[in-house]
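Inspection log for the structure reproduced underneath, given as structure tokens.
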Amino acid sequence: MKKHTNPYQKVFGASLAVAVATGTIAVAAPVYTQADEVKIPTFSDVKDIESHHFYDSVRSLASRGIVKGFADGTFKPNQSVTRGQIASVLAQTLGLDTKNVKNPGFKDVKVTDPHYGSIAALVEAGIVKGYNDKTFKPGGSLTRAHIAKMISIGFNLEEAKLTNSPFKDVKAEHWFADYVQALITNEITTGTTPTTFEPNAFVTRGQMASLIVRSETASLVDQNDSTVKNTGKLVSVTSESVKLSTGTYAMSADMKKVLNASNSAALSGAVLDYTVKDGVLIEIASIELTANGNETNNVVLDGQGFKFAGTVRVNGDYVSLKNITIAGNLEIGTEVENSFKANGMTVLGGINLTDKTSVSQVNKVFSTAAVEMKEPSFVFTDSIIQTVEVSKSKKVLIEVKGNSTAQGFTLLSNVHLKADKGITLPKVTVEKGATKVTLDASVDNLSVNTPNALSIDGTATIKNVIVEYKIDLKLLTIGEIQKVIVKLKGTTITLGDRTKVASFDLPEGITLKDVIVNFDGSNSGGTSSGNTGSDRDPSPNPNPNPNPPIIDDGKAFNLSLMHVNDIHANTDKAPKLVTAVKEVRTVKPDALLLNAGDVFSGTLYFNEFLGQADLKFMNLMKVDAMTFGNHEFDLGSSAEGHKALVDFIKAADFPFVSSNVDFSKDPLFDGLFNTKISTTPKKSNIYTGIVKEINGEKVGIFGLTTAETADIASPGKITFSNYIADAKKMVAEFEAMGVNKIVALTHIGFDDNAAMDNDQELAAHVAGIDVIVGGHSHTQLDKPVVVDKDGNGKTKDKTIIVQAYQYSDYLGTLDVEFDKNGVVVGHAGKLIEINKTQKDAEGKDKKDEKGNVLYVIPDDAEAVKLLKPYKDKIATVNNEEIGVTLVNALLSPRTSDVGYVPGTSVRASETILGNLITDGMLAKAQGYVKDKKVIMAFQNGGGIRASIGAGPITVGEVITVLPFGNTLATMDLTGSELKATFEISFKDYPKESGGFLHIAGAKVEFDSSKPAGQRVVSIAYENEEGTYTEIEEAKSYTVATNAFTAKGGDGYDVLKRAYEAGRVTDLGLSDWENLREHLVSQKNIIPTKIEGRIVDVAGVVEEPGTEIPGGDIESENFSGTVNAPKVYKGDVKVSITDLASLKNAVVKGNLILTGTPTGDVSFANITVEGNLDVSGLDGKNFDFDGITVDGETIL
């Protein structure tokens, strides 16, 4: 074994600078800082999920300012890093002198180039050499084999011969084998898979972060100072060692008190800032707990007397801390939605209960408690507490029990604070943000330090209430208050009928009548003296009214809703959805269930049963009301018209609401539609609005459907009126009936085209709507959205908007609190994931003894039985043939496939299947959009999920290709936006990317040798006569894609912005049905070759590879790929008769071209180190610009 020596390398722990966000390198920053808390930048595309192996590494580097992201808030971890960027990173990391350098003489590296000094310094240090042709290719990508070598030499890692390699693609005879072994030995790499290293793949930004941090750790441990500080995620723990994402370490004896197997459940996924010395973990500066328990069992972290040196963050629900001391702060974040407990805990710093988001994305456990609108509970038993600060979005319960002590509480939000008898809380301060506080405790000093109206109730006994601000205070406690001290004139206090105050201390010149709102009917406890500087007006009878008035304590009406939208016949999920609804109703029996439309269309369940299958489950769940989506009107142009919709309505056990749809001209709806609000709505009827009475309170519900339906569906004689005008009319009618709690059940989209209609515009422009339950845009609103500004930007009463994504993936829940005037004063909402799987300690899906995946929400037995006949029928239909037989399979290749042919991946290359899909999309969009020319269509490769085998095609095979139920959308984009779109498509090329776009109606050329973001060479769309026209950046074009991509999926932020700007129209047409129709229309002319719609015009990137002997080469075998060009040793002779192109090759000799071409022949990316002999060619003139010749061209 040997170790690389590098005379230029400085001691690590000094600096590391890795900033390649925009091609610039940051000034070197210290690797380690003190254990002070640092604000860690977050990136929208770097998440704490299993597939993001780079998460901790990026987080570690970002926390130290070493890496930066892009202006759009992303890190782009899958984007390739150039050779020049890596050179700059490594040179600065090693502290090399990049100023006083010797010119290495590379032809493509000028002295003025930004990476010149770094490249020269690395050459002097013996870390890089460049290519044999005296180039360095600074703009080219770097392979994983090359970075293994650079890291091993640069970080001075010990190198050894390859032994027992887990990687099938790394052999002992490979030039890079020893360097890969060094990475394996130092636990720097685990490969791209457990059995592959992919040495020829290009290094991405995410991989760079992982390799840099791991190499940094390995190198640091080997220095004289073996103390290492780092951040890592806990993977597993035993009695002797702990495995983190950054390495495996032994533990000090003290560490074993807390890091042990008995605490493994609580520690699962924890993020630690830690110190290691000589391979032993000796200190934890901070820890974030992200594991979840459940309603019956908290996960417990028993410290056995352990003392954490810094901060502990709890961002998991149902967590308990036991027998532990925290020297810093205890932070309890927003993920704690139900329960936190502490027993025998001492916190020397402060305790903060906030809505601060976890650095990890933690999945919640489904339980009845998770949907119940109750106070989250924080219980401290036998614990020593200094200060507690509470700032939460909803009211919480805090209990102080046993022998606990607490010095002070600061309440910036609504709190129910309880303390056991015998415990006195020295100080409780109520700050701005709190409006309702319940105190069941003995309190020495209660400071009211807010100008906002405040209500305080409970059983508290209080020595002093100090009112610091001019405020409207309701003091409704029933325990004794020794003194109320009012500091400012203008303060008003309403006392509860059982509130007792021994004395008041008031400002000079102020009497009790000035302060106590209900003075004549209040009970002040018999005394009113205490301020020697003010006149008193004591009543001879302190409680003159024998029946004191009941003081309004702000009791409100709570409305509970469940909601779904855009189910689109995803009937298979119904049994779990039924369970979820029943679970909610167990704790909220009065909860209403609303459906916001688009039950119709999308799967075989609709094709076969026309909505009746879904209706069975809607009736079973006891839906309270539904509005119509645009897809409910899809069948209007059929021979039977809207008969299926009428049958659906007539079979429903619930009413429908629709205020802006006129059914009167279609006789099929005669007798079903009512133009008045009903207080006694009947099933199977349509009303403009209905009134539901809940616990004596009346709630109005009305419906709206998007006016886009006229353009994107087939409504026939049914018409649609202005949604704003109709909504105002409905609110006025409800209010005239004395109904002041109003729900709009809409299918107009949360953020859809504002020029047409959407929920946010509705909320801003129609006063009086309290809740909008929406659909149409398939928006996943994990939390309700509040609109409190009108169309002019002025403050208005709150409107709460919710939407539950699509396809029965979620059940939405919403609880709304109204005051006596019907104004929203509080709310809580969430989405319950229907198909969430149970996870084991390693985060993998749990399975039963038969291998079936276990779900958090089980199937409802009654619903399973109800589903069976429908499901059996669909299974039969799945096997039905569509009427098309393939001679050759339509492939969807992946690089991981056995026998994969390089350069054919569906996520990096044009495919016949992708062409067929986009051809169908383009044809369908052009058929629907009459007022614009749709010039092209594109489909993300990640959405093409399977191949179709040779032989008859079945319905099931088509659905398997496009299983997500995406819909077709059109977009208006400028030429520059289209260019930006395709830059994203090619950014990871030749590496696979789910965002790689397949196209129809256009041709796109790109140059993969250029840096990502600068690769698009040309985009041209096809004209009717078959010619092509180049896109102009300033012009606007209409294109078609799927709704997922149109909304910015796969990182297409440029498309997301267009969607948000209202330049997208969702046609609502199912992608798999479009493909089926197109295959049928093309059944006799299914293509067998790709057409060159997507062309890489890059030059050769020479990498070590196998050389092919020269000689006579068959023309069809000559060309390689951009990622793997063929290299020929010796003279090569090729006939180009009947050939369209030659490309991607290096000839280390002469290239002799012969033959008589029958058409145009293109040449690209060919390097000839000898002569090019074309004297044997017959025919017209040829363009040889794609061939680089070192010698002569012989004509």
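In our numbering, the protein residues as written are 46 to 1240. Ideal Cβ positions, reconstructed from N, Cα and C, are used throughout, including at glycine. Predicted model only: the values in this text are computed from it and were never measured.
Quick one: grab the DSSP three-state call for residue i.
i     : result
V922  : helix
E878  : strand
D158  : coil
E1152 : strand
Y358  : According to the sequence shown, residue 358 is Arg rather than Tyr. R358 falls in the strand class under three-state DSSP.
S1207 : strand
P471  : strand
P997  : strand
L826  : coil
E376  : strand
Q452  : strand
M782  : coil
K395  : Just to set this straight, residue 395 is Gly in the shown sequence, not Lys. Here G395 sits in strand by DSSP.
F765  : strand
K891  : coil
A849  : strand
M1016 : strand
S584  : Its pLDDT being 33, under 50, S584 is placed unreliably in this model, and the coordinates cannot settle the point.
Q1127 : coil
Please say whether residue j and residue i have beta carbons closer to each other than 8 Å?
i     : j     : result
L638  : L790  : no
I1211 : L1184 : no
M195  : I172  : yes
D711  : I757  : no
V225  : F200  : no
L713  : G686  : yes
L457  : E434  : yes
L398  : K437  : yes
A1088 : H823  : yes
N880  : Y850  : no
Which residues does DSSP list as the beta-bridge partners of residue i?
i     : result
H461  : L442, T483
T1238 : L1217
G292  : L289
I501  : V482, L520
H792  : T750
N388  : K367, T426
T540  : A small fix is needed here, since residue 540 is Leu in this sequence, not Thr. DSSP output for L540 lists L520 as bridge partner(s).
L606  : L637, L859
H1043 : Q984
E525  : K545
N671  : Rather than Asn, the amino acid found at residue 671 in this sequence is Met. DSSP, once it has assigned bridges, lists N640, F701 as partnering M671.
Y915  : Beta-bridge pairing links Y915 to no other residue.
T43   : Since the first and last residues shown for the chain are 46 and 1240, residue 43 lies out of range.
Is residue i buried or exposed, if buried means 16 or more other CB atoms sit within 10 Å of its CB?
i     : result
V156  : exposed
E1075 : exposed
N924  : exposed
K875  : buried
V65   : Confidence at V65 is low in this model, with a pLDDT of 29, below 50, so its placement is unreliable and no value can be given for it.
D1228 : exposed
S102  : buried
Q421  : Position check: residue 421 holds Pro in this sequence, whereas Gln was assumed. By the 10 Å Cβ count, P421 comes out buried.
I1239 : exposed
E1105 : exposed
N1126 : Per the sequence presented here, residue 1126 reads as Ser, with Asn not at that position. With fewer than 16 Cβ atoms within 10 Å of its Cβ, S1126 is classed as exposed.
Item to check | Continuous alpha helix (DSSP H) assignments of at least 4 residues falling wholly in the segment 119–149 | outcome: 128–138
Checklist entry - What beta strand (DSSP E) runs, 3 residues minimum, are completely inside the segment 927–1008? => result 979–985, 996–999
Checklist entry - Where in the segment 290–345 do unbroken runs of the beta strand (DSSP E), each at least 3 residues long, occur, reported from the N-terminal end onward? => result Along the segment 290–345, the beta strand (DSSP E) occurs as fully enclosed runs of 3 or more residues at 292–296, 316–322, 325–334, listed in sequence order.
Checklist entry - Mind pulling the beta strand (DSSP E) runs of 3 or more residues that sit fully within the segment 1047–1120? => result 1047–1051, 1061–1067, 1073–1075, 1081–1087, 1109–1115
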